[in-house]
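One structure is given here, and the rest of the page talks about it.
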Amino acid sequence: GFVGATCENDSHTCGTLHCLNGGTCISMHKSSKCVCAAAFTGPECQYPASSPCISNPCYNGGTCEFLSDASPYYHCNCPANFNGLNCHILDFDFQGGFGQDIIPPKIEEKCEIAVCASYAGNKICDGKCNNHACGWDGGDCSLNFNDPWKNCSQSLQCWKYFNDGKCDSQCNNAGCLYDGFDCQKYEGQCK
9 GFVGATCEND SHTCGTLHCL NGGTCISMHK SSKCVCAAAF TGPECQYPAS
59 SPCISNPCYN GGTCEFLSDA SPYYHCNCPA NFNGLNCHIL DFDFQGGFGQ
109 DIIPPKIEEK CEIAVCASYA GNKICDGKCN NHACGWDGGD CSLNFNDPWK
159 NCSQSLQCWK YFNDGKCDSQ CNNAGCLYDG FDCQKYEGQC K
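Residue numbering for the sequence shown follows the working numbering, starting at 9 and increasing by one per position.
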């Protein structure tokens, strides 16, 4: 068929030009071009119009860099000790650089605060022992669960981002305690 304000462009003679992501090819007198959907740009509508870096997908101080040639159109430049595509995996062997898609190494944490062993289980939440390594004060700070995140299968250490005021979508599930409800919208409630 023909497209254009006065049906002046043949939409079927685009040759090797392939419009992606919902773009429409129009053939003009001597050349063809893609008219892209609002969310994409580029000669074949292959690039997102807005950078995925706007949402800041990199954790732990990583910086997002836009890539124009491959989905997801960004990569994270991670600091030392943080690896993974979003700098979300604690990896003491990683020297820094572009995060790699790796299986998280097993990290054993040991409570370094000697008194926490005697405070654990006394039914009082002792602030200095309220951390992952010390088992949330033996469950005293976590409704008697020594490891409330044991069913959290995300490589992101969700307890570090729990109830921090920012929605961490990887942690927004039952096993990861819904990110402390950071992803819930409170519109229409009294303030």
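Just so you know, even glycine gets a beta-carbon here, dropped at the ideal spot from N, CA and C.
Predicted model, so just to flag it, every value in this text is computed and none were measured.
DSSP places Phe48 in the strand class (E or B) of the three-state scheme.
Between the alpha carbons of Asn85 and Gly69 lies a gap of roughly 9 angstroms.
In this model, Cys137 and Lys131 are separated by some 13 angstroms (Cα to Cα). For Asp109, the closest alpha carbon among the candidates His83, Lys174, Glu117 and Met36 is that of His83. Comparing alpha carbon positions, the residue from Lys41, Gly30, Asn180 and Lys38 closest to Ala47 is Gly30. Within its own chain, the residues whose Cβ lies closer than 7 angstroms to the Cβ of Asn91, once the five positions on either side in sequence are excluded, are Ile97, Asp99, Phe102, Gly107, Gln108 and Ile110, listed in chain order. Your pair Cys133 and Asp155 does not check out as a contact, with CB atoms roughly 16 angstroms apart and the cut at 8 angstroms. Secondary structure remark: continuous alpha helix (DSSP H) runs of at least 4 residues inside the region 125-169, in chain order: 143-146. Boundaries of the beta strand (DSSP E) harbouring Asn85: Tyr82 to Cys86, taken from the DSSP string.
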